[in-house]
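In the working numbering, the protein residues as written are 2 to 324. As structure tokens, the structure follows; a few thoughts come after it.
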Ligand SMILES: [Zn+2]
């Protein structure tokens, strides 16, 4: 039997290059990830406990999970990309392999590389050791490609057919997919083009993230609707009823953002912003639909702006503006 280079690589990988296959992405981030003052509003060590709803998303990206496709439909201003960055750090350090990260345009990919990926590497010792500085020639490190032992991270834009066809990849990160073109120079859907790059890998991971733009014509909404549609259920602080938060149950006095609160669907009790930290800690993801793909390889998450701490007054202001 003749093996392709990719199959040989795959077998070598499965043969035991992983230092600790049981470590999850969230556990890795809690040990090794530092948020840079340049890129984060709250610099310092990453703490998954501050945003507990991100744990399961990151853990689906871990080798120990059998999930292959992780779909996240999210509200605006929610840092799901940081899950992707944690995953990138994990891959470089713990599960090396070829990885492709796609943003809507090549320009955005360049900007993201400088503003997010460089600080990700610089702020973590274990990553700094594995990726050579860009200034040294022949280091295999450019704005759009970061080599590391056992793999490479290539970044590109969904507007570049050449970039999407570049190489076979085990790991694929498709960020802000609602900003992708529908059809790329007559070659078809950029998501399908990019996903085709992962076909040769048995143990692949695909992470698809976006804020939906146009209802009914949203790529991420279509993706999410095909999944098990997980929602983050939170217990009411008064009656304990588990529920996921909906905009329709927000209330406030006109012109008084400080009065914003949420009405529990179980007891109609008022839930205030200060209740949320504890509710989030006690929250859990639950599927709300039968997935199209019944083999359990796809997980879909809806991360509403409402579960993000500190969002209720902001939402109130935002809604007041558009009304
Ligand atoms: Zn209640």
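Cβ coordinates follow ideal geometry from the N, Cα and C atoms, glycine included. Note that the coordinates shown come from a computational prediction; the quantities given were computed from them, not determined experimentally.
Say the cut is 6 Å; is the CB of residue 270 nearer than that to a heavy atom of ligand 1? Here the question's residue 270 lines up with position 269 in the chain shown. Yes - ligand 1 has a heavy atom lying nearer than 6 Å to the Cβ of residue 270.
Enumerated in chain order, which unbroken segments of the alpha helix (DSSP H) with a length of 4 residues or greater are wholly contained in the region 147–193? Those alpha helix (DSSP H) runs which fall completely within the region 147–193 and span 4+ residues are 162–165.
Please report how far the alpha carbon of residue 178 lies from the alpha carbon of residue 164, in whole angstroms. In the chain shown, counting from the first residue as 1, residue 178 sits at position 177. In the chain shown, counting from the first residue as 1, residue 164 sits at position 163. In a straight line, the C-alpha of residue 178 is about 16 Å away from that of residue 164.
C-beta contact flag for residue 185 and residue 209 at 7 Å: The residue labelled residue 185 in the question sits at position 184 within the chain shown. The residue labelled residue 209 in the question sits at position 208 within the chain shown. No, the Cβ-Cβ distance between residue 185 and residue 209 is not below 7 Å.
For residue 141, is the beta carbon positioned less than 6 Å from some heavy atom of ligand 1? As a first step, residue 141 is located in the chain shown; it is residue number 140 there, counting from the start. No, since every heavy atom of ligand 1 falls outside the 6 Å radius drawn around the Cβ of residue 141.
Counting only runs that start and end within the region 193–271, where is the alpha helix (DSSP H) found for 4 or more residues in a row? 220–226, all fully within the region 193–271.
Drop a sphere of 10 angstroms on the beta-carbon of residue 240, count the other beta-carbons inside from all chains shown, and report buried for 16 or more, exposed for fewer. As a first step, residue 240 must be located in the chain shown, where it is residue number 239. So residue 240 counts as exposed.
Consider the C-beta atom of residue 267 and the heavy atoms of ligand 1; say whether any pair is separated by less than 6 Å. Against the chain shown, residue 267 aligns to sequence position 266. Taking 6 Å as the cut-off, the C-beta of residue 267 counts as close to a heavy atom of ligand 1.
Check whether the region 287–296 and the region 210–217 are in contact - that is, three or more C-beta pairs closer than 8 Å. As far as the Cβ criterion goes, the region 287–296 does not touch the region 210–217, which means the pair count is below three.
Closer than 6 Å: residue 273 CB and nearest ligand 2 heavy atom: This structure does not include ligand 2; its bound ligands are ligand 1.
Does DSSP classify residue 142 as helix, strand or coil? As a position in the chain shown, residue 142 is number 141, starting the count at 1. In this structure, residue 142 counts as strand in the three-state DSSP scheme.
According to DSSP, which residues form a beta bridge with residue 285? For the purposes of this step, residue 285 is taken as the residue at position 284 of the chain shown. In the DSSP output, where bridge partners are listed per residue, residue 285 has 234.
Buried or exposed: residue 56, going by 16 or more other Cβ atoms within 10 Å of its Cβ? Locating residue 56 in the chain shown gives position 55, counting from the first residue. Buried, since its Cβ has 16 or more Cβ neighbours within 10 Å.
The beta strand (DSSP E) that contains residue 295, what's its start and end? For the purposes of this step, residue 295 is taken as residue 294 along the chain shown, with counting starting at 1. Per DSSP, residue 295 is not a residue of any beta strand (DSSP E), being assigned neither H nor E.
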